[in-house]
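Undergrad: First, the structure itself, so that you have it in front of you.
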Amino acid sequence: MRWEDRISNYAQKTGFPKCLFVGPDGRAVGTWIMGNDYRVQSEYYGGYPAGYLRRVRALFPDKKHVLHLFSGRVNLEAFPGDTVDINPEFKPTYVDDAQTLARVPLGKYDLVLADPPYSVEDAEHYQTTMVKRNVVMRALQRLSLGAHVVWLDQVLPMYRKDAFEQEAVIGMVKSTNHRFRVVTVFRRRDAAVSHNVAAATRRRANRELEAVRGGRANSDRPISGKSA
Ligand SMILES: C[S@@+](CC[C@H](N)C(=O)[O-])C[C@H]1O[C@@H](n2cnc3c(N)ncnc32)[C@H](O)[C@@H]1O
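Quick note: the sequence shown uses the numbering used here, first residue 41, plus one each step.
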């Protein structure tokens, strides 16, 4: 599914304005202003703000097998799927460490929503140690090609560029005195350069080539009109 189609579906399903765009490099970019209803329905510390899951779901109507990673008390009515958390208290589908995911058959999921602790202080609220984001991304390399990871955080995790492509970056604003966050969407990719980034790179290279050729043609012309 192309990002243009994801964005159209988002606008149609949520009724929110089309605040996402596909940039010249083929990436989707934009900002979500979460509005007045920024409460966390479950009241769980760090839980998804109201409306977040509805927005993400509308971007991915094609996905059939969803995994909520760092699931906490995620609202499964808003976005059904399986769950992973290190804390058994929430009765997740898999009690597992996101840094290994040894118990999770990752190959069967085509969409992963990840909401890690953002800092050491946040991790203390969950009585866990802070996760190493790059290690989580390494574990997620076991996803099938084409699967997407929607990562909500204040930090861009380190990832292998030949294993994941960053397809979308969406700023998320709640309200005054709340931290800004960013939703980064990765697609598990083949080592070969992906279609959309390759096409955008080709278009840019062609434009630059034409500009250079045009410039050269102009510089070949005599400036004063006199010929040699
Ligand atoms: C920001 S909260 C997620 C809240 C969730 N999005 C919600 O709406 O309820 C982070 C969660 O990550 C879990 N967690 C922390 N370290 C973990 C790890 N190494 N592996 C798996 N889960 C972990 C915590 O138990 C906590 O529930």
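Idealized CB from N, CA, C, for every residue including glycine. Predicted model, so just to flag it, every value in this text is computed and none were measured.
Quick one: does the C-beta of ASN127 sit closer than 7 Å to a heavy atom of ligand 1?
TA: Yes, Cβ of ASN127 sits closer than 7 Å to a heavy atom of ligand 1.
Undergrad: Check each candidate in ALA51, PHE56, GLY112 and THR71 and name the one with the smallest Cα separation from GLY211.
TA: It is THR71 whose Cα lies nearest to the Cα of GLY211.
Undergrad: Taking the beta carbon of PHE61 as the centre, do at least 16 other beta carbons fall within 10 Å, making it buried, or is it exposed?
TA: Exposed, since its Cβ has fewer than 16 Cβ neighbours within 10 Å.
Undergrad: Tell me, please, which residues DSSP counts as bridged to ASP225.
TA: As written in the sequence, residue 225 is Val, which differs from the Asp given in the question. VAL225 pairs with VAL190 and ALA208.
Undergrad: Report buried or exposed for ILE263, applying the criterion of at least 16 other Cβ atoms within 10 angstroms of its Cβ.
TA: Here the model assigns ILE263 a pLDDT of 42, short of 50, so the residue's position is not dependable, and the following value carries that caveat. Answer is exposed; the Cβ neighbour count stays below 16.
Undergrad: Report all residues from its chain with a CB closer than 8 Å to the CB of ALA68; omit the five preceding and five following residues, and keep chain order.
TA: Counting only Cβ-Cβ distances below 8 Å, and skipping sequence neighbours, we find TRP43, ARG46, ILE47, LEU60, PHE61, VAL62, GLU207, ALA208, VAL209, ILE210 and VAL225.
Undergrad: Does the beta-carbon distance from ASN174 to PRO197 come in below 8 Å?
TA: Yes, Cβ-Cβ distance for ASN174 and PRO197 is below 8 Å.
Undergrad: Measuring straight from C-alpha to C-alpha, what distance separates VAL189 and VAL252?
TA: Approximately 39 Å between the Cα atoms of the pair.
Undergrad: Please classify ARG123 as buried or exposed, where buried requires at least 16 other C-beta atoms within 10 Å of its C-beta.
TA: The identity of residue 123 in the sequence shown is Thr, whereas the question assumes Arg. With 16 or more Cβ atoms within 10 Å of its Cβ, THR123 is classed as buried.
Undergrad: Please confirm whether any heavy atom of ligand 1 lies closer than 7 Å to the CB of THR54.
TA: No; taking the cut-off as 7 Å, the Cβ of THR54 has no heavy atom of ligand 1 nearer than that.
Undergrad: Looking at the secondary structure, which residues open and close the beta strand (DSSP E) in which LEU153 lies?
TA: 151–154 is the span of the beta strand (DSSP E), which, as asked, contains LEU153.
Undergrad: Measuring CA to CA, which of LYS104, VAL223, ALA231 and ARG244 is closest to VAL96?
TA: Per the Cα distances, VAL223.
Undergrad: Under three-state DSSP, which class holds HIS218?
TA: HIS218: coil per DSSP, three-state reduction.
Undergrad: If you follow the beta strand (DSSP E) that LEU146 is part of, which residue opens it and which one closes it?
TA: No beta strand (DSSP E) holds LEU146; DSSP gives it neither H nor E.
Undergrad: Can you tell me whether SER159 is buried or exposed? The criterion is at least 16 other CB atoms within 10 Å of its CB, across all chains shown.
TA: By the neighbour-count rule (16 or more Cβ atoms within 10 Å), SER159 is not buried but exposed.
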